[in-house]
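**Q**
Below, the structure written as structure tokens:
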């Protein structure tokens, strides 16, 4: 009897345990619940809170109607006025454009004949409150106080869905404004057409950051249009298909349709209205189904990482960062594969998806390395997109926006993205064509390459930002050399390897800085102040100063250490970067110098690799200290949670990788530096179905120094790990402590 009772009791315990585990699984929140799209919409983050899907063509988001630096995305958290909801938005850039195809639901008739001279004169604007505003991955909602309309937005890959809930008995109306523009953007030709009682189409051609942007759209509504007025350059038309610079329309919907809800779906194309219609498809207006599908896409996209920590705020920062890394580049080719280039040629993306919004000066550093880990198929498509842009100019892209080369920023950093992809085993593109594109790009004469080839560096008197440009060309050269070596092109390997030493010409051993050098090569640019900044003109440095730009030699850190005179001098100077006063001198200081820790500027990308350089000078514990300090001070859960421009995912990619203890200091090397993990456990669910786990025993806000490490159970003393090893799966385990272990990861222990 006693034995039977014990068996029954054991079964009951097991049943209860199973039930608890089941409940725990059921109660586990979805990953998207940790994402806050408002992070980065304040300060200088320049992100948008609107709805999109991973790398989607559309970003349907609120527009405040202000043309200013902090409104580059069209939205800033400090604002409380909306002028409408656009279908194209930039995530975290330092230049403003897009905000195309504005829709605004209103409950009254307005006069659109006048061209507003400011936001105050826009007749359809409305106040809103953050108390009545929500955002989550794939969804945005806000209540428009002046029109008594609740707005909900969601999207699929190529179609935006709007849901407007009006006050009972109010007029249901929508304004579509194609002439409206913010920041650098300016409409040059627009047209609207009411095709039938449910359909409106049109196009908007504009110039700005993207100098030849052509957007075609089609919109379908769930209710019949009862009346409308079409406005073209101040004239009113009752019908027709008219082109002008400023086109807008107010449509009023059938008052006999008593439902307070009005639904709309909108698709765009860079090619034609017909392609926009094809992108729209024939499905209905199921807003909730589309929202659920978008949320499912985001949950899948965010499941590439699973992090474990008792601190929910760290999960919010992490998963919001991972969300931001998958907003751009954006899908650019239509459903049928077509997309438009800046010379108006129409290209067919055969067997790949074309992408635009390639912020390569920023994203080559950590965003693209992250994508090689979590989305390698997209990486090969992005390389194919770069090669398509190469066909237009015979030069690889610098910064591509809506099919246009903007030539914004320095270097040709599509090159390291391509080389990194190849070295990490990503194919799906024509390798020989890619090599030809890289070589031809670095052998042409534009953007200072003529001076670089002639002198071995760019003299300061011949081109502004000469130091930054020289250092970045040297790195690009090293990348070309690596590709040449991999493809057995020995002569090219020797040539570009030698050119990649260009940084040596600019190193001033006496001061320890990279400095502008004269044409003759025997004198420096004087007077010299390493804290001085002059934004983008009459300067040797891009958006920064000598303190921030003198460390960009990611391909030859050991030689840079030798130039400094060895580990001790190098690490003393590197430490001084973080402990020096944060004063920036000059009358035209770059606004991009933000997130200062000493002279280190985390708010701009040239600083992002620097903390990891201590690893190469036998002081990895300093990398651990400063990497954790940056994570703790430069990211938070507020709208001001980014210390500088998000720049299409780079600011967030730094956090995603650094927080799990990795960083690609030299992206094209195929290796990741070891920093300091912030989570007890982080699992990377790789596309090849393998899992790479990073564990950190005893980690806390005080215990961030690595005491010891094992990799798959064996002692691990290295300060880097290869992409190839990560792809195999396994477990990298650290024991953390409050005091540095100054022996772990040094050249002595690595060689033992």
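Numbering (full-length UniProt numbering), first residue to last: 1 to 752. For every residue, glycine included, the Cβ atom is placed at its ideal position computed from N, Cα and C.
Roughly how many angstroms lie between the CA atoms of residue 236 and residue 185, to the nearest whole one?
**A** 25 Å
**Q** Quick check: the Cα distance between residue 155 and residue 396, rounded to an integer number of angstroms?
**A** 32 Å
**Q** Helix, strand or coil: which one does DSSP assign to residue 384?
**A** helix
**Q** Where does residue 435 fall in DSSP's three states?
**A** helix
**Q** Classify residue 491: buried if its beta carbon has 16 or more other beta carbons within 10 angstroms, exposed otherwise.
**A** exposed
**Q** Leaving out the 5 sequence neighbours to the left and right, which residues in its chain are closer than 8 Å to residue 10 when beta-carbon positions are compared?
**A** With a pLDDT of 45 at residue 10, under the threshold of 50, the modelled position of this residue cannot be trusted, and the question is left open.
**Q** Quick check: the Cα distance between residue 97 and residue 368, rounded to an integer number of angstroms?
**A** 23 Å
**Q** In angstroms with no decimal places, state the Cα-to-Cα distance between residue 124 and residue 276.
**A** 27 Å
**Q** How is the alpha helix (DSSP H) around residue 546 delimited, first residue to last?
**A** 546-549
**Q** For residue 215, I'd like the list of residues in its chain whose CB is within less than 6 Å of its CB, leaving aside the five on either flank, ordered along the chain.
**A** 100, 204 and 268
**Q** Looking at residue 506 and residue 473, is the spacing between their C-beta atoms short of 8 Å?
**A** no
**Q** What's the call for residue 465, buried or exposed, on a 16-neighbour Cβ count within 10 Å?
**A** Residue 465 is buried by the Cβ-count criterion.
**Q** Measure the C-alpha to C-alpha separation of residue 355 and residue 253 and round it to an integer number of angstroms.
**A** If you take the alpha carbons of residue 355 and residue 253, they lie about 37 Å apart.
**Q** Given residue 289, which residues of its chain have a CB within under 7 Å of its CB, disregarding the five upstream and five downstream residues?
**A** none
**Q** How many angstroms separate the CA atom of residue 102 from the CA atom of residue 243?
**A** 17 Å
**Q** Go through its chain and collect everything with a Cβ distance to residue 735's Cβ below 7 Å, but skip five positions before and after it.
**A** 697, 698, 707 and 708
**Q** In whole angstroms, give me the CA-to-CA distance for residue 739 and residue 637.
**A** 28 Å
**Q** Put residue 184 into one of helix, strand or coil per three-state DSSP.
**A** Reduced to three states, the DSSP call for residue 184 is coil.
**Q** Run through the DSSP bridge pairs and tell me what residue 151 is partnered with.
**A** 142 and 164
**Q** Look up residue 321 in the DSSP assignment and give the residues it is bridged to.
**A** In the DSSP output, where bridge partners are listed per residue, residue 321 has none listed.
**Q** Select from 292, 158, 225 and 388 the residue whose C-alpha is nearest the C-alpha of residue 282.
**A** That would be 158, whose Cα lies nearest to the Cα of residue 282.
**Q** Mind checking which residues open and close the alpha helix (DSSP H) that includes residue 276?
**A** 273-280
**Q** If the criterion is Cβ atoms closer than 8 Å, does the pair residue 840 and residue 402 meet it?
**A** Because the chain in this structure spans residues 1 to 752, residue 840 falls outside the shown range and cannot be described.
**Q** Drop a sphere of 10 angstroms on the beta-carbon of residue 372, count the other beta-carbons inside from all chains shown, and report buried for 16 or more, exposed for fewer.
**A** buried
**Q** Does the Cβ-Cβ distance between residue 329 and residue 364 come in under 8 Å?
**A** The criterion of a C-beta distance shorter than 8 Å is not satisfied by residue 329 and residue 364.
**Q** Report the CB separation of residue 557 from residue 482 in whole angstroms; it is logged as a contact under 8 Å.
**A** The Cβ separation is near 15 Å, so there is no contact.
**Q** Indicate whether residue 624 and residue 704 have their beta-carbon atoms separated by less than 8 Å.
**A** yes
**Q** I'd like the ranges of any alpha helix (DSSP H) spanning at least 4 consecutive residues and lying wholly in the region 222-264.
**A** Runs of the alpha helix (DSSP H) inside the region 222-264: none found.
**Q** Out of 332, 711, 610 and 421, state which residue places its alpha-carbon closest to the alpha-carbon of residue 754.
**A** Nothing can be reported for residue 754: it is not among the residues displayed for the chain, which extend from 1 to 752.
**Q** So residue 204 is in the beta strand (DSSP E); what residue range does that whole segment cover?
**A** 199-207
**Q** Secondary structure at residue 733, three-state DSSP: helix, strand or coil?
**A** Looking at residue 733 - three-state DSSP - the assignment turns out to be strand.
**Q** Looking only at its chain, what residues have a beta carbon closer than 6 Å to the beta carbon of residue 104, apart from the 5 residues adjacent to it on each side?
**A** Around residue 104, the same chain offers 84, 124 and 175 as residues with beta carbons nearer than 6 Å, after the five sequence neighbours per side are excluded.
**Q** If we ignore side chains and look at the alpha-carbon of each, how far apart do residue 682 and residue 726 end up?
**A** For residue 682 and residue 726, the distance between alpha carbons rounds to 13 Å.
**Q** What are the residues that DSSP puts in a beta bridge with residue 340?
**A** 346
**Q** Classify residue 22 as buried or exposed, calling it buried when 16 or more other Cβ atoms lie within 10 Å of its own Cβ.
**A** Note that residue 22 scores 46 on pLDDT, short of 50, meaning its location in the model is unreliable and no value can be drawn from it.
**Q** Are the beta-carbon atoms of residue 240 and residue 645 separated by less than 8 Å?
**A** no
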